[in-house]
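Per our numbering, the sequence shown runs over residues 31 to 130. Right, one structure below, let's go through it.
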Amino acid sequence: DKKLKRLFAFHASEKRGKFMTLAEFEGWLKEQRLIDALFPFPQIKQLFYAVQQDTSDSEGDLELIFAEFVEALAAVAVYRNPNPYLSLSSRLEAFLGDNL
């Protein structure tokens with residue numbers, strides 16, 4: 031989706047433009063007011079490391095590529111709306127509608 035790609039590019043590292051650091055991901059979550067008791071920083075950090083496809087780097091150098099960012103957004107959508115009776119696609123669609 032073009033909106034997701036623009037969102038990612040806007041918040042990704044200015045130096046590289048194709049990678050998003052933990053700080054940049056957290057910054058977007060803060061802007062959207064998504065960090066709270068339901069989804070605190072330790073959960074964000076855990077999610078960030080869990081979606082990494084290439085774990086050969088040291089923890090300090092980990093960054094999200096676009097595909098990992100999309101996976102992370104889906105995980106945040108589930109954290110924010112854990113209702114098991116709604117499909118993942120419904121939760122993701124509602125989350126993106128509220129936060130894009």
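Beta carbons: idealized from backbone N, C-alpha and C, even for Gly. These figures come from a predicted structure and were not determined experimentally.
State the CB to CB distance for the pair N111 and Q62, rounded to an integer number of angstroms; the pair is presumed to be in contact (CB under 8 Å). Translated into the one-based positions of the sequence shown, residue 111 becomes position 81. Translated into the one-based positions of the sequence shown, residue 62 becomes position 32. That belief does not hold up - the Cβ atoms of N111 and Q62 are roughly 14 Å apart, past 8 Å.
Kindly indicate which three-state DSSP category L94 falls into: helix, strand or coil? Counted from its first residue, the sequence shown places residue 94 at position 64. Correct three-state label for L94: strand.
Around the Cβ of E98, are there at least 16 other Cβ atoms within 10 angstroms (buried) or fewer (exposed)? Working through the sequence shown from its first residue, we reach residue 98 at position 68. Burial call: buried.
Can you have a look at L103 and say buried or exposed, based on whether 16 or more other CB atoms are within 10 angstroms of its CB? Walking along the sequence shown from the start, residue 103 turns up at place 73. It counts as buried.
Which runs of the alpha helix (DSSP H) fall wholly inside the segment 50-85 and span at least 4 residues, in chain order? 52-61, 71-80
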